[in-house]
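Visitor: Numbering (our numbering), first residue to last: 209 to 374.
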């Protein structure tokens, strides 16, 4: 099902984007000219009435977008897993003792060494989707990895510093 998003200019304010959920709830985002964003949930009994209005800072809006994007990706990967035998997803924590702490993701060469891919990193409640090779790992990061069992085990070994392919 294709979701229809309506855009409405709000003179003197900014622009509003609205959508209707499959369950019949209407929600929107008001982007003010000054950069502020409001997440709006409309009253189900009054389509013009607001049931909730949450002001979001730039960082909060970006975090919400990351969360929604990551959950969408993980949901799609879950669906793919059901369709593709042997394709697995796993969350792997990076221990403080790993030699990759404070180093760029590219240094680990995960894909070339294991054929598995890091699709996201979870850090302190934040989701970093598709981190670039320059992304630096921190102790306690949790990487979301996609691959076969052997590849996932290889990624675990890389971050635990006991990878035989070294």
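Glycine is no exception: its CB is placed at the ideal position from the N, C-alpha and C atoms.
1) I'd like to check one pair, residue 363 with residue 353: are the Cβ atoms closer than 8 Å?
2) Per the contact definition of three or more C-beta pairs closer than 8 Å, is the stretch 258–276 in contact with the stretch 299–314?
3) For residue 211, is the classification buried or exposed, using 16 other Cβ atoms within 10 angstroms of its Cβ as the cut-off for buried?
4) Considering residue 322, what are the terminal residues of the alpha helix (DSSP H) in which it resides?
5) Does residue 238 pass the burial test, meaning 16 or more other C-beta atoms within 10 Å, or should it be called exposed?
6) Could you pull out every unbroken beta strand (DSSP E) segment of at least 3 residues lying fully inside the stretch 225–271, listed in chain order?
7) Got a sec? Which residues, its chain only, sit under 6 Å from residue 229 by beta carbon, not counting five neighbours each side?
8) Below 8 Å on the Cβ atoms is my guess for residue 234 versus residue 221; work out the distance and round it to an integer in Å.
9) Report the partner residues of residue 222 according to the DSSP bridge assignment.
10) Quick one: what does DSSP say residue 327 is sitting in, helix, strand or coil?
11) Does DSSP put residue 296 in a helix, a strand or coil?
12) Indicate whether at least one CB of chain B lies closer than 8 Å to the CB of residue 241.
Guide: For this structure:
1) Taking the chain shown and counting its residues from 1, one reaches residue 353 at position 145. Taking the chain shown and counting its residues from 1, one reaches residue 363 at position 155. The answer is yes: Cβ separation under 8 Å.
2) no
3) In the chain shown, residue 211 corresponds to position 3, counting from 1. Classification for residue 211: exposed.
4) Numbered from 1 along the chain shown, position 114 holds the residue referred to as residue 322. Residue 322 -> alpha helix (DSSP H) spans 318–322.
5) Position 30 of the chain shown, counted from the start, is the residue given in the question as residue 238. Buried, because 16 or more other Cβ atoms sit within 10 Å of the Cβ of residue 238.
6) 234–240, 245–251, 254–264
7) Residue mapping note: residue 229 aligns to position 21 of the chain shown, counting from 1. No residues qualify anywhere along the chain.
8) Position 26 of the chain shown, counting from 1, holds the residue named residue 234. Position 13 of the chain shown, counting from 1, holds the residue named residue 221. Contact flag wrong, Cβ pair sits at about 19 Å.
9) Locating residue 222 in the chain shown gives position 14, where the first residue counts as 1. DSSP output for residue 222 lists 218, 240 as bridge partner(s).
10) Taking the chain shown and counting its residues from 1, one reaches residue 327 at position 119. In the structure shown, residue 327 sits in a strand (DSSP, three-state: E or B).
11) On the chain shown, residue 296 is found 88 positions in, with the first residue counted as 1. The answer is strand: DSSP assigns residue 296 an E or B state.
12) Considering every chain present, this structure includes no chain B. It has just one protein chain.
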